[in-house]
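One structure is given here, and the rest of the page talks about it.
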């Protein structure tokens, strides 16, 4: 489960993405245009230290883009090229925000969703000692396979659409511009898929797959 805080962020996550997204090879939309949130889903960090949130956003009138982020309380050593920026959290203090594809906590969580249909984290607030669950803004669905993700850090992260995460001969592909799941968007056999849908997008779209 993902504990959320009723807090203010400066800059906001979306404001941070206004400056970061146009530098990505897979960006589509108007550079400098306001970034709007379409939907989001989260994964759990087993250690409870790192926040993992995947945002579905648009820049101006551009297409939906998938941006997984991790939130850390200290810089991640060796991950400078994946740093999106820093924000000031009114409850937790300074947070370092990373492109999750380059954060070691993210690939195992994504693999569990793709290969074992582990699903998304349930989100909740604690109010006066009571847990208040927040309804998800979208649904995700994975495959059920007998494959697992290799232990240890990724061997390589290749930015692009899809962004490829490789480890121990296995590969995960994160689709940056989600496409209808019922089309042959991959063009090759896959071991598992993660699809998602949200209000206004009732037909599932492809979010990620395993090669």
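In the working numbering, the protein residues as written are 218 to 428. Using N, Cα and C, we set each Cβ at its ideal position, and we do this for glycine too.
Strand pairing of residue 397, partner residues [DSSP]:
Position 180 of the chain shown holds residue 397. Under DSSP, residue 397 takes part in a beta bridge, and its partners are 422.
Whole-angstrom Cβ separation of residue 235 and residue 249, contact assumed at under 8 Å? The residue given as residue 235 occupies position 18 in the chain shown. The residue given as residue 249 occupies position 32 in the chain shown. Indeed, because the Cβ distance is near 7 Å, the residues count as touching under 8 Å.
List the endpoints of the continuous alpha helix (DSSP H) containing residue 330. Here the question's residue 330 lines up with position 113 in the chain shown. Annotation for residue 330: the continuous alpha helix (DSSP H) segment containing it runs 323-333.
(Q) My assumption, with CB atoms under 8 Å, is that residue 337 sits in contact with residue 308. Please give the rounded CB distance. (A) Within the chain shown, residue 337 is the residue found at index 120, counting from 1. Within the chain shown, residue 308 is the residue found at index 91, counting from 1. With 8 Å as the limit, residue 337 and residue 308 do not qualify as a contact, their Cβ atoms being about 23 Å apart.
Next on the checklist: DSSP three-state label for residue 237, please.
Outcome noted: In the chain shown, residue 237 corresponds to position 20, counting from 1. Looking at residue 237 - three-state DSSP - the assignment turns out to be helix.
Exercise. Give the straight-line distance between the Cα atoms of residue 374 and residue 319, rounded to the nearest whole angstrom.
Key: As a working mapping, residue 374 is identified with position 157 in the chain shown. As a working mapping, residue 319 is identified with position 102 in the chain shown. Roughly 7 Å between the two C-alpha positions.
> Closest by CA to residue 354, which one among 239, 274, 242, 247?
Replying inline: Along the chain shown, read from residue 1 onward, the residue named residue 354 stands at position 137. When only C-alpha atoms are compared, the closest one is 274.
Quiz prompt | Proximity of residue 284 and residue 303 at Cβ, strictly below 8 Å | solution = For the purposes of this step, residue 284 is identified with residue 67 of the chain shown, where counting begins at 1. For the purposes of this step, residue 303 is identified with residue 86 of the chain shown, where counting begins at 1. For residue 284 and residue 303, no; Cβs fall outside 8 Å.
_Per DSSP, what are the beta-bridge partners of residue 286 in this structure?_
For the purposes of this step, residue 286 is identified with residue 69 of the chain shown, where counting begins at 1. Per DSSP, 270, 316.
- Message: Give me the DSSP bridge partner(s) of residue 252.
- Response: The count along the chain shown starts at 1 and reaches residue 252 at position 35. Residue 252 pairs with 276.
(request) Determine, using beta carbons only, whether residue 380 and residue 332 come nearer to each other than 8 Å. (result) Stepping through the chain shown from its first residue, residue 380 is reached at position 163. Stepping through the chain shown from its first residue, residue 332 is reached at position 115. Contact: no.
Identity of the residues DSSP links to residue 380 by a beta bridge
Residue 380 sits at position 163 when you count from the first residue of the chain shown. Looking at the DSSP assignment, residue 380 forms a beta bridge with 391.
Coil, strand or helix - residue 297 by DSSP
Along the chain shown, read from residue 1 onward, the residue named residue 297 stands at position 80. Looking at residue 297 - three-state DSSP - the assignment turns out to be helix.
*N-terminal and C-terminal residue of the beta strand (DSSP E) that residue 375 is part of*: The residue you call residue 375 lines up with position 158 of the chain shown. Taken as a continuous stretch (DSSP letters only), the beta strand (DSSP E) holding residue 375 covers 373-375.
One or two residues paired with residue 413 in a DSSP bridge: Position 196 of the chain shown, counted from the first residue, corresponds to residue 413. Residue pairing by DSSP puts residue 413 in a beta bridge opposite 357, 422.
Q: Put residue 225 into one of helix, strand or coil per three-state DSSP.
A: For the purposes of this step, residue 225 is identified with residue 8 of the chain shown, where counting begins at 1. In the three-state reduction of the DSSP assignment, residue 225 falls in the coil class.
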